[in-house]
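Have a look at the structure below before the remarks.
In this note's numbering, the protein residues as written are 47 to 327.
So this is what it looks like as C-alpha cells:
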C-alpha cells in the first residue's frame, strides 16, 4: 500500500483509523449471494491474505449467505488483529438467491444485531450499517434497537446505506451517523451530492460496486491512462475514487488472491490532475 499515510487512511467516527483500501466480503458466498463460498478454504485464505497485505477494514452483512459470510470471517480471522475493523449491516431479509426484501421491523433489527455479534464472535461491532430505509416503519422505530445497542456498548458507530441527504439528516437526529454506503463509481455518480455532503460532515463514504470503470464513452480515456500507469482499467477506477475525495473508503471484493493484490495496488497509483479531470468529465 502507498506510504502517503495522511491520504491513505481515514478515521471512522473521528477515532478508528483504517486504511482507505479495504475488502468487501460479499463475493465469498454462493451464486446469487446465497449459501456459503463454494471453495471455503480458498475463501478463508483470501481473507487472511487481505489482512496480511495491510487491509484493516472488512465489510460484510448478515444477509450475505445469509449469515455464512460473517461465520466465514470469524473462522478465517478470529482472534482478530487489534487494528481490524469489521463492519456489518442489517435490515434485509433473504428469501432466495438474488432476493433482498427490506425489513426494518425493530424486532428483526434487534435480532440481526445480536446474531451478527454472535456469528462474528465480537463483543462490540465497530461499525453497524442499516441496509435500507423501510417504508413500512418510521426510521425512528427501525433505529430504536440500534440506539439501544449503542447505549449497551454492543455497537460503537452507526452508518446508513442507499440514502439521500434528507434521510441522513433524519437518522442523525436519533444518533450520530459516521458513514454512508451508496452505489458510486466512475460510471455511476447518481449520489454525487450525497458524497459532497458526507465530506462536509466528516462522514466516511463507502461506494459499493467501486470497480465499475464507466460507460463505453470513457473506455478509450481510461485505457489510455491505464496504459500510462501500466495498470488495469479496474485499478484506474479505484485510483480515481481515492483521488475523488479523502473520505472515500473502498471495499472491492474478490474470491481470487491474485485479484486481491491487483486491487490493493490501486493504492499506489497517483493520477495526475489532468488524468483525474479527463475521467471526471
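C-beta: ideal position from N, C-alpha, C; glycine also.
Extent of the continuous beta strand (DSSP E) to which residue 216 belongs
Careful: residue 216 lies outside any beta strand (DSSP E), inside the alpha helix (DSSP H) at 211-218.
Sequence-distant residues of its chain with Cβ nearer than 6 Å to residue 275 (five each side left out):
Only 315 meet the Cβ criterion.
Helix, strand or coil for residue 168? Go by DSSP, reduced to three states.
Note: residue 168 maps to coil in three-state DSSP.
Taking only three categories from DSSP, how would you classify residue 313?
In this structure, residue 313 counts as helix in the three-state DSSP scheme.
Taking residue 67 as the reference, give the member of 284, 270, 216 with the closest Cα.
Answer by Cα proximity: 284.
Per-residue DSSP class, three states only, for residue 235:
Shown here, residue 235 sits in coil according to DSSP, grouped into three states, outside any helix or strand.
Count the other CB atoms within 10 Å of the CB of residue 184; is the residue buried (16 or more) or exposed (fewer)?
With fewer than 16 Cβ atoms within 10 Å of its Cβ, residue 184 is classed as exposed.
Taking 8 Å as the limit between beta carbons, can you name the residues of its chain near residue 269, skipping five residues before and five after?
If we look at residue 269 and ignore the five residues flanking it on each side, its Cβ neighbours are 279.
Quick one: grab the DSSP three-state call for residue 277.
Coil, per DSSP.
Return the chain-ordered ranges of every beta strand (DSSP E) run that is complete within the region 240-284 and spans a minimum of 3 residues.
Segments of the beta strand (DSSP E) lying fully in the region 240-284: there are none.
I'd like to know whether the C-beta atoms of residue 65 and residue 102 end up nearer to each other than 9 Å.
Result yes, Cβ atoms of residue 65 and residue 102 sit closer than 9 Å.
I believe residue 230 touches residue 253 by the beta-carbon criterion, under 8 Å. Please report the beta-carbon distance rounded to the nearest angstrom.
Yes, residue 230 and residue 253 are in contact; Cβ-Cβ is about 4 Å, under 8 Å.
Among 326, 327, 242, whose alpha-carbon lies nearest the alpha-carbon of residue 294?
For the set 326, 327, 242, the Cα lying nearest the Cα of residue 294 is the one of 242.
Check the C-beta distance from residue 206 over to residue 217 and give it rounded, since I have them as a contact under 8 Å.
Between residue 217 and residue 206 the Cβ distance is about 6 Å, and since that is below 8 Å, they are a contact.
Taking only three categories from DSSP, how would you classify residue 75?
Residue 75 falls in the strand class under three-state DSSP.
Sort out for me which residues DSSP pairs residue 103 with in a bridge.
Per DSSP, 131.
Quick check: residue 172 and residue 137, are their CB atoms within less than 9 Å of each other?
Result no, Cβ atoms of residue 172 and residue 137 do not sit closer than 9 Å.
Going by beta carbon distance, what residues of the same chain come within less than 7 Å of residue 50, once the five residues before and after it are set aside?
Unreliable positioning characterises residue 50 in this predicted model, as indicated by a pLDDT of 44, which lies under 50. A coordinate reading is not provided.
6 Å Cβ shell around residue 60 - same chain, five flanking residues per side excluded:
When the five nearest sequence neighbours on each side are left out, no beta carbon in the same chain lies closer than 6 Å to the beta carbon of residue 60.
Buried or exposed: residue 135, going by 16 or more other Cβ atoms within 10 Å of its Cβ?
By the 10 Å Cβ count, residue 135 comes out buried.
Given a cut-off of 9 Å, decide if residue 182 and residue 210 are closer than it, judged by their beta-carbon atoms.
No, they are not a contact pair.
Tell me whether residue 189 sits in a helix, a strand or coil according to DSSP, three-state version.
Residue 189: coil per DSSP, three-state reduction.
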